[in-house]
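For reference, the structure discussed in these notes is given below.
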Amino acid sequence: MQKSKYVLIIICLITAFVNAQRSDLNGQIIADDEVEGLHILNKTGLKYTISNEDGSFVIPAKVSDTIIISGVKYQKKEIVISLSNINLGQFNVLLIEKVNELSEVVVGKILTGSLQSDLENLNIKPDINFYDLGIPGSTDLPATQNEQRLYDADHGKFVYYYGIALSINIHKILNRINGDTKEYKARVLMESNEACITFLQSEYSSTIFEAISIPEKNKNEFFQYCLEDSQFDVICEDENQINKVHFLLEKLKIFKTQLNEGN
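Going by the numbering used here, the sequence shown opens with residue 25, and the numbers climb by one from there.
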């Protein structure tokens, strides 16, 4: 009897330990339309990922974690992870498309929600560019004023060699010495970071504030707080949006703690 009691206690402890550990859980989104790039958030564990082209994804989770799946075209879905999900190592999520309240009113062509398909159906002809006319040119966005100033101040080599002769780029050297180049580089970086923070704010606000709520009045302040991070420009250059969201969530945890301490 005493031995059975010890065995039961050990089993309970092992079960509690397993349930407390997050492990990778395979998910599968089922929907009638495209399922790639949807936001997958473990609200409880503050973990984030996005769905693959086939709707599959992997996210760390444990029993009782709340998983939120969201996308522009679909109704938000919340799933509470069960012990059965953990034991199976996977779960499926059925998403329902958002219903347009003005579905009876049809103006022009009907859009499907697929950007590529809609563009093809609208028969919109692309703008003629330099390449269509067979002449050299660029379709890139024009440089900003500060980017142009930086280029003017620092372009070219310091020294040009012409056989036995050489030419020194005095303009470039003087701009390095008097600090103009450094100032223009700082301005360009600031512009780039401001554009990045605007993108992060518009793209991920709903996701991160779903996980960690803060007062509405402090949300803009939070993004400025992120802007001050020494690694912010590295995050902006990172094309992996999962890393971007993880960065925002970590900063938001710290920011909320500081808000609470200040109250």
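No residue lacks a Cβ here, since even glycine has one placed at the ideal position from N, Cα and C. These figures come from a predicted structure and were not determined experimentally.
Between the stretch 53 to 70 and the stretch 233 to 242, the count of C-beta pairs closer than 8 Å reaches three or more; the two stretches touch. At a Cβ-Cβ threshold of 7 Å, I74 and G61 count as neighbours. By the criterion of at least three beta-carbon pairs nearer than 8 Å, the stretch 195 to 204 is not in contact with the stretch 218 to 230.
Where D48 is concerned, the enclosing beta strand (DSSP E) starts and stops at S47 to I54. I120 is positioned such that its CB atom lies closer than 7 Å to that of Q99.
H63 has I74 and S94 as its beta-bridge partners, per DSSP. Contact between L174 and K209 holds, with the beta-carbon distance rounding to 6 Å and staying under 8 Å.
With fewer than 16 other CB atoms across the displayed protein chains lying within 10 angstroms of its CB, N284 is exposed. Per DSSP, the beta-bridge partners of Y184 are S191. Cβ contact annotation for H270 (same chain, cutoff 7 Å, sequence separation greater than five): Y72, in chain order. Under the three-state reduction of DSSP, E240 is assigned to helix. Here the alpha carbons of R211 and E245 stand approximately 21 Å from one another. Per DSSP, reduced to three states, the secondary structure at V104 is strand. Shown here, N116 sits in a strand according to DSSP, grouped into three states. For I105 and E240, the gap between their C-alpha atoms comes out near 29 Å. At a Cβ-Cβ threshold of 7 Å, G79 and V59 count as neighbours.
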